[in-house]
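First residue of the sequence shown? That's 54 in this note's numbering, and the numbers climb one at a time after it.
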Amino acid sequence: LMERKTHVKINRKEVMLAKLRKTCSCTPQKLKNFVMDFFPVLRWLPKYQCKEYIWGDIMSGLVIGIILVPQAIAYSLLAGLKPIYSLYTSFFANIIYFLMGTSRHVSVGIFSLISLMVGQVVDRELLLAGFDLNDDAPPALGDGSLQNDSLSNTTAFNLTIAGINAECGKECYAIGIATALTFVAGVYQVLMGIFRLGFVSMYLSESVLDGFATGASLTILTAQVKYLIGIKIPRSQGHGMLVITWINIFRNISQANFCDVITSAICIVVLVTAKELGDRYKHKLKFPLPTELVVIVVATLVSHYGKLNEVYASSVSGAIPTGFIPPKVPQFNLMLRVAVDALPLAIVSFVFTVSLSEMFAKKYAYTIQANQEMFAVGFCNIIPSFFHSFATSAALAKTLVKTSTGCQTQVSGVISAMVVLLVLLFLAPLFYSLQKCVLACIIIVSLRGALRKFKDVPARYHVNKVDTLVWVVTMSASALVSTEIGLLVGIVFSMLCIVVRTQRPRTALLGQIQDTGFYEDDLEYENLSTVPKVKIFRFEAPLYYANRNYFLKSLYRLTNLDPNVEAARRKKYEKKEKQHLKKENHRTANGLSIRETTLQLVPKKIDFQALVVDCSSISFLDTTGVNTLKEILKDYKNLNISVLLACCNPSVIDSLKRGGYFGKDCGSMQEMLFYSIHNAVLFARDQK
54 LMERKTHVKI
64 NRKEVMLAKL
74 RKTCSCTPQK
84 LKNFVMDFFP
94 VLRWLPKYQC
104 KEYIWGDIMS
114 GLVIGIILVP
124 QAIAYSLLAG
134 LKPIYSLYTS
144 FFANIIYFLM
154 GTSRHVSVGI
164 FSLISLMVGQ
174 VVDRELLLAG
184 FDLNDDAPPA
194 LGDGSLQNDS
204 LSNTTAFNLT
214 IAGINAECGK
224 ECYAIGIATA
234 LTFVAGVYQV
244 LMGIFRLGFV
254 SMYLSESVLD
264 GFATGASLTI
274 LTAQVKYLIG
284 IKIPRSQGHG
294 MLVITWINIF
304 RNISQANFCD
314 VITSAICIVV
324 LVTAKELGDR
334 YKHKLKFPLP
344 TELVVIVVAT
354 LVSHYGKLNE
364 VYASSVSGAI
374 PTGFIPPKVP
384 QFNLMLRVAV
394 DALPLAIVSF
404 VFTVSLSEMF
414 AKKYAYTIQA
424 NQEMFAVGFC
434 NIIPSFFHSF
444 ATSAALAKTL
454 VKTSTGCQTQ
464 VSGVISAMVV
474 LLVLLFLAPL
484 FYSLQKCVLA
494 CIIIVSLRGA
504 LRKFKDVPAR
514 YHVNKVDTLV
524 WVVTMSASAL
534 VSTEIGLLVG
544 IVFSMLCIVV
554 RTQRPRTALL
564 GQIQDTGFYE
574 DDLEYENLST
584 VPKVKIFRFE
594 APLYYANRNY
604 FLKSLYRLTN
614 LDPNVEAARR
624 KKYEKKEKQH
634 LKKENHRTAN
644 GLSIRETTLQ
654 LVPKKIDFQA
664 LVVDCSSISF
674 LDTTGVNTLK
684 EILKDYKNLN
694 ISVLLACCNP
704 SVIDSLKRGG
714 YFGKDCGSMQ
724 EMLFYSIHNA
734 VLFARDQK
C-alpha cells in the first residue's frame, strides 16, 4: 500500500475568526481596493487606449443605440407598459453597467424574456386590482386623477385595499408593480452576491435554459398574434395562457383588421429577408443593417400620412412623452405582493448575464468576476426602479451585434445610452402614429434564434437523449403552464434525471485484454479473456442509499450467485443430511438412499473463489454504501469467496476505514485493498 500523507488538522474556528478580522478591518488601501472592485470602471478607464478603441466603441454604440430604440418600444408590449418606460430602462441599464460591470462586450438592457416575465406579473396584479386588461381601454388622465366611469370607482377601491394612493390610474399602477418587482429582484441579486450564492446558476443546465427560452418564445409569439391581425381579445392570465389565447384568436379571427394584416405581412417579409441577407453576407458588411429602424420610420410615416388609425381603426402606440418623470420610491406594499415572483426573475436575469459574460470573456481572452456581475445586474435593477424602469438582463442578439461592430469596452454602452437619451428628450413624440402590429413584427422576428432550436432537436437527441427530454419537458411546461412554473419544472426534472441515472447506472463484468494488465467490459469488447476463478465487477456510480439495492441485484445477476440464497441452500442440505444419518435404515420415506438424497440437495457449484470490485467509478460512499460493502464481504466470506477492492480513491478509502470495513486496526487492509485491478487479480490467483 502507498503511504498516505498526514494532513495537519485545520482549526476552522481560528480560520473563520481570522477571515472575519480581515474582512472587518478597515485600512486606506483596503477601502481603495473595495471601491475599485465595486466600480471596475475605475480600473480600466484610466488605461483606456483611445486611438485603438474609440472608433470601434463609437460605431458599436451607435448601432446598438439604433437597434435599442425600436426594440425598447416593441418590448413595452410584452411588459404591458408604455414605451417611455422601456426607453428609461435601456438608458439607465447601460449607464450603470458601464460603471459596475466586468464584461467588456455584453449588452445589458431590455430583454424579451425578462419583459415577458414582468408583463405576466403586471397583468395579474392589474386584473386583481379590478382593471381592464384591454390595451384600448380609455387611458387615465394622469397620476393624480380618477376616471369618471364606474370602473374607476371599483379600481380606486381596490387600489386603496392594495395600500397605495386611490388616485392612481391603470398606467400608474402598472409601472408601480413593475418597479416594485424590479427593486425586489435587484435586492435578491445583491443579497446573492453578498452571500456568494452564484452557485445557484449551476442548477440551470444548458438544456433547461434553452428549453425555458424556447417555451417563453412561444408564449411571446402567441401574445403578439392579436396585434399582428388587429383583433381585440382579453389578455389571458394564469396557467395555460398559450392555449387559451389561441382559442380566443380563432374565435375572433373574423374581426381581423385588414390594414393590420397587410402591414404585418409586409413588415415580416421585409424584416426576415433583411435578416437572412444580413446573416448570409455578414462577413462582407462592416455593421448590421438597421432594418428595424428603417421599418419603424417608414411605417410611422405611412401610418401618419395615411391616417391609418382614423380611417382603418388600426391600433397605434399613442403619445410618448419627452424628458424624465420625477423619481419615485417603489411602494413597499406592492413589494410584498410580488416578492415570490421576483425570485425566478432575479435568477434568470443573473444567469443569462453571467453566462453571456463568461462566453465572451473566454472568446476574447479576459476574465470576469461572477460575483461582481451579480452586483452589477442587481444595481441595474435597484437604481432604475426609482426612475420608472423595469428589470433588465444581458441579451445575446445585441451582444453579438456589439462584438461584430468593433466593440472594445463598455464605452460603447455609454454611446448607446446617449442615442436613447436623444430619443427620450426630442424624438419620442414622433412615434405617435406607429402601429402596434409593426412592433409585434419586430418582436416575432427577433425570436428567430430561439424558435430555430426546434430544428436542433434531432441532433440534440443524437448527442444525448436525456438532455433532449429535459429540453422538451422544460419547453412544454414553460409554454403550456407558465414561464415560472416551466423554469421550476425544468430544474426539478433535470435533477431527477441525474438521480435516476445514479440509481440505475451501468454495471459490468470485466474481462482481461489479452497479454496486458488491463480489463474492460466483456459485453462491449471482443476478444477479452475470462480470468479463471475470479469475477471482476464494475459499478459506474457513487454507492449510496438510493442505489444500494440495484448494486446488489446487479452483482448477484452478473456473477450468477446470490450468497444469501446459496447459504440458505447449504444450511438446508446440512440439516437434511443430519436427519438421514439419524435414521436406522438410512432410507427416506420415498425409498431413496442417502446418496441419492444428497445428490438432490447438493449445493450449487461455484465457479469463482474471488470477487474483485472495481471502485474506479465510485466517487463516494455514504453510510449505507459502506454497510453494503461490509455485507457482501461477510456474505461471500461464508461461501469461502474473498472480496477484493480495487482502484478506490482516497475519500472512499477513508469512508471504509471510518466504517470499520478493514477491521479495528486495519490490519488486513493490504489483503483487501489494491491500487489496480491487475494487482487484485494476481493476489486472488495466488490464494489457495
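Beta carbons are placed, not taken as given, at the ideal position from N, Cα and C, and that holds for glycine.
In the three-state scheme derived from DSSP, where H, G and I count as helix and E and B as strand, Lys360 is classed as coil.
Looking at Thr235, Val476, Gly466, the one whose alpha-carbon comes closest to that of Ile400 is Thr235.
In this structure Met245 is buried. Its beta-carbon is surrounded by 16 or more other beta-carbon atoms within 10 angstroms. A distance of 8 Å or more separates the beta carbons of Leu563 and Glu579. As DSSP reads the structure, Lys588 sits in a beta bridge with Leu664. Within the model, the alpha-carbon separation for Ser258 versus Asp660 is close to 47 Å. When the five nearest sequence neighbours on each side are left out, the beta carbons in the same chain lying within less than 7 Å of the beta carbon of Val705 are those of Cys668, Ile671, Phe673, Leu674, in order along the chain. Comparing C-alpha distances from Met112 to each of Val407, Thr267, Ser469 shows the shortest one belongs to Ser469.
By the criterion of a C-beta distance shorter than 7 Å, Leu250 is surrounded by no residue of its chain, once the five residues flanking it on both sides are discounted. A straight-line Cα-Cα distance of about 16 Å links Glu619 and Glu630. Rounded to the nearest angstrom, the gap between the Cα atoms of Ser729 and Ile694 is 19 Å. In this structure, the straight-line span from the alpha carbon of Gln384 to that of Ser289 is close to 26 Å. In this structure, Leu664 and Tyr626 do not form a Cβ contact; the two beta carbons are roughly 23 Å apart against a cut-off of 8 Å. Here Cys79 is exposed: its Cβ has fewer than 16 other Cβ atoms, across all protein chains shown, within 10 Å.
In the three-state scheme derived from DSSP, where H, G and I count as helix and E and B as strand, Leu98 is classed as coil. Phe727 is not a Cβ neighbour of Ser721, given a cutoff of 8 Å. Three or more Cβ pairs closer than 8 Å define a contact, and the segment 158-165 meets that threshold against the segment 434-454.
For Gln556, the enclosing alpha helix (DSSP H) starts and ends at 536-556.
According to the DSSP secondary-structure assignment, Glu573 is paired through a beta bridge with Gly564. Judged by pairs of C-beta atoms under 8 Å, the segment 356-375 touches the segment 479-490, as three or more such pairs exist. Counted as a single uninterrupted DSSP element, the beta strand (DSSP E) harbouring Ala699 occupies residues 695-699.
With at least 16 other beta carbons inside 10 angstroms of its own, Asp394 counts as buried.
As computed with DSSP, Leu726 is found in a beta bridge with Leu698. Within the same chain, and ignoring the five residues on either side of Ile119 in sequence, the residues whose Cβ sits closer than 6 Å to its Cβ are Pro343, Leu346. Burial is judged here by how many other beta carbons sit within 10 angstroms of a residue's own beta carbon; Pro123 has at least 16 and is buried. Per DSSP, the continuous alpha helix (DSSP H) segment holding Ala132 begins and ends at 103-132. Straight across, the Cα-Cα distance linking Asp568 with Ala503 is about 53 Å. Straight across, the Cα-Cα distance linking Asn617 with Leu271 is about 56 Å. When Cβ pairs closer than 8 Å are counted between the two stretches, the segment 289-302 is seen to touch the segment 528-535, the count reaching three or more.
Straight across, the Cα-Cα distance linking Gly570 with Asn732 is about 9 Å.
The way I'd put it, the segment 450-462 doesn't touch the segment 174-182; fewer than three beta-carbon pairs between them come closer than 8 Å. The three-state reading of DSSP puts Gly466 in helix, counting H, G and I together. Around the Cβ of Trp524, a 10 Å sphere holds 16 or more other Cβ atoms; the residue is buried.
In the DSSP annotation of this structure, the continuous segment of the alpha helix (DSSP H) that includes Pro397 starts and ends at 385-416. Closest in C-alpha terms to Val314, from the list Ala594, Cys494, Val94, comes Cys494.
Asn147 is the residue among Asn147, Leu73, Ile107 whose C-alpha sits nearest the C-alpha of Val472.
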